[in-house]
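Chains as they are written, first to last, in this note's numbering: chain C, -15 to 327; chain F, -15 to 327.
A short worksheet on the structure shown next.
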DNA sequence: TTGAAAGCGCTAACAT
DNA sequence: ATGTTAGCGCTTTCAA
């Protein structure tokens, strides 16, 4: 279809185009990157030649000389956690739309992997989006000082962030449980290094105090279905009638364990999850959980990052964006059992 | 902690190291990339200086001069399909272990996106792994001719591939259903462009002929839970007592729809899925499905690709690898209903 | 508006 | 074993 530079099969460069048009390579470069700084007629000749030769710019070379790589790193703690699917899709779509490439990295829930990835990305990427960071505040702040960075679900002063407002949804969840007659509720905590988990617990215990009900924190537990068994056992042992879990993964694991133990949900124990991940609607029983526009959160994070990278806009750069969350009630919550089993 | 080149804050280069050690830049390059071609004492000095200066090689520059990028593209049709989670994790782990970076791209089930991505990756990546390609055989073969490429679940002569042997598992599934007394079975087909779906249907219809039972193909359906409703309706209408679905996504969607319609699974309709994705074990009822070592498939694909990239080994390069699959029986299949509802 | 020339940081012959 | 010298393909001064 397209002609190739005489006799060769290697991809065309700006020099091939320059030769074909009888202009200098630098003119080609300009015609392609800053079209308005070149005579319209030569520009058109060049663009035609580029198309003809099937020219594709070499991003490595571009990066080397310009300092910009056209790539953005996206760090998630666990790529197999369904919570991140939509987030990843959101960032990917928005990045692609802006002509950026997404570098997705699974940091394996490890602060060390996260830190070294961040370091290595300073060369490779123009900026980075970090979801659910396991780093300390100081480390994150330092990283944000060295490269454009936006966090998701991690609030550190001075670091732009997209926050999914699960803490307030947690209070909604508590109200829901109270309205069903529950008075003893457990919070099933996530990893110690998860700020989300901490913030939810804070919100929850404050709300509980306001409402005069008892909540206790159990855990920490790893955010995986496998942790659900231990969490369920701990919950049963603690004598609560309802649990609010750090996330749906744990909640679903609890559902499985309770079923194994013959403890009926929601009759004997109510469970609330968080995130509304894939599976929350078809597990057994379907999970009451807190939902939010995750894909949109990814898009917003990208927008915030790109705003920093291309500070062309007149308006100030938004530095913090809160995504709303709401409770989605399904079959895993119901009226509290009569207090016959009380100690 | 580490000293920086006098007065500056920009990342150290091999020139900084060279200056510090009083050697040429090329010696530094060698000491770092091919340590055995340099005097052990100078090498150690250089390595010490590199550590001291906190040196990090610039992969762009490396790529530009060496032609190798150190990156491998991984293309999947839909990043939110849980089937790909473990695959992606497998490729990521294996690539990282070999010092490569993974470029993950969601091709959105589109052959055009896939083709253009492939083209753009020729510059950006040293090779590419394509899962469940939506391209034609010719296009795929052409792509494989231009760059090192390994497919997953796509068998084209001349293109290295990792094949997950679901076709044979499909026969197992049929035998399972037959042993439960089913005689009318439907295959719920996936996308027309999916070779996997085609191969499963072929295997299934041959097996059915052997066993003297009736199977029919319904569809095609998009590989998403939302397609399950239409698939379930079609299955019920067709009068079969059991279905083998293209994948678990569709199967789970069918489960939901049948439940809505008040059709009991497995009493009135048995369902078999494929892939054993996240959720297959906790849906309601738990799904009988075909499982295989997906993460390992990803690792194998990477190994095959890297073998092509670094043809140092003596042995021949394996060009086709088949991953075993087995049936995992859960609650969604049971004895066929008495043929009272027959037309 | 365009061209010439100097790199970006690194690798890879080619000398020594 | 090490230094010298060219580039890789592009952007970006600086002149013209």
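Backbone N, C-alpha and C define an ideal beta-carbon position, used for all residues, glycine too.
Just checking: is the beta-carbon of residue i within a distance shorter than 7 Å of some beta-carbon in chain F?
i, result
"residue 52 (chain C)", "no"
"residue -6 (chain C)", "no"
"residue 248 (chain C)", "no"
"residue 261 (chain C)", "no"
"residue 233 (chain C)", "no"
"residue 64 (chain C)", "yes"
"residue 188 (chain C)", "no"
"residue 136 (chain C)", "no"
"residue 0 (chain C)", "no"
"residue 337 (chain C)", "For residue 337 (chain C) there is no data in the structure shown, the boundaries of chain C being -15 and 327."
"residue 48 (chain C)", "yes"
"residue 162 (chain C)", "no"
"residue 148 (chain C)", "no"
"residue 278 (chain C)", "no"
"residue 76 (chain C)", "yes"
"residue 240 (chain C)", "yes"
DSSP puts residue i in a beta bridge; with which residues?
i, result
"residue 172 (chain C)", "C:202, C:229"
"residue 85 (chain C)", "C:55"
"residue 267 (chain F)", "C:267"
"residue 60 (chain C)", "C:90"
"residue 147 (chain F)", "F:306"
"residue 256 (chain F)", "F:228, F:272"
"residue 167 (chain C)", "Note: residue 167 (chain C) sits in no beta bridge, so no partner."
"residue 136 (chain F)", "F:115, F:146"
"residue 337 (chain C)", "Since the first residue shown for chain C is -15 and the last is 327, residue 337 (chain C) is missing from the structure and cannot be characterised."
Give me the Cβ distance between residue i and residue j, rounded to the nearest whole Å; I'm assuming they're in contact under 8 Å.
i, j, result
"residue 173 (chain C)", "residue 205 (chain C)", "7 Å"
"residue 57 (chain C)", "residue 279 (chain C)", "Not really, about 19 Å apart at Cβ, beyond 8 Å."
"residue 112 (chain F)", "residue 133 (chain F)", "5 Å"
"residue 249 (chain C)", "residue 316 (chain C)", "6 Å"
"residue 90 (chain C)", "residue 63 (chain C)", "4 Å"
"residue 61 (chain F)", "residue 116 (chain F)", "5 Å"
"residue 253 (chain C)", "residue 209 (chain C)", "With a Cβ gap of about 17 Å, residue 253 (chain C) and residue 209 (chain C) do not count as contacting."
"residue 164 (chain F)", "residue 264 (chain F)", "About 19 Å; that fails the 8 Å criterion."
"residue 148 (chain C)", "residue 309 (chain C)", "6 Å"
"residue 229 (chain C)", "residue 258 (chain C)", "6 Å"
"residue 7 (chain F)", "residue 30 (chain F)", "7 Å"
"residue 202 (chain C)", "residue 218 (chain C)", "5 Å"
"residue 215 (chain C)", "residue 242 (chain C)", "Wrong, their Cβ atoms sit about 10 Å apart, outside the cutoff."
Does residue i come within less than 7 Å of chain C when only Cβ atoms are used?
i, result
"residue 43 (chain F)", "yes"
"residue 313 (chain F)", "no"
"residue 73 (chain F)", "yes"
"residue 271 (chain F)", "no"
"residue 268 (chain F)", "yes"
"residue 67 (chain F)", "no"
"residue 90 (chain F)", "yes"
"residue 156 (chain F)", "no"
"residue 113 (chain F)", "no"
"residue 30 (chain F)", "no"
"residue 236 (chain F)", "yes"
"residue -11 (chain F)", "Low confidence applies here, because residue -11 (chain F) scores a pLDDT of 41, under 50, leaving its location unreliable; read the following figure in that light. Residue -11 (chain F) does not count as touching chain C."
Inside the segment 89 to 116 of chain F only - alpha helix (DSSP H) runs reaching at least 4 residues
95 to 108
Should the segment 133 to 142 of chain F be called in touch with the segment 63 to 78 of chain C, which here means at least 3 C-beta pairs below 8 Å?
no
Would you check if the segment 260 to 276 of chain C and the segment 150 to 162 of chain C touch, i.e. whether three or more CB-CB distances between them fall below 8 Å?
yes
Within the chosen definition, does the segment 101 to 110 of chain C reach the segment 36 to 50 of chain F through at least 3 CB pairs nearer than 8 Å?
yes
Continuous alpha helix (DSSP H) assignments of at least 4 residues falling wholly in the segment -3 to 53 of chain F
-2 to 5, 9 to 17, 24 to 37, 43 to 50
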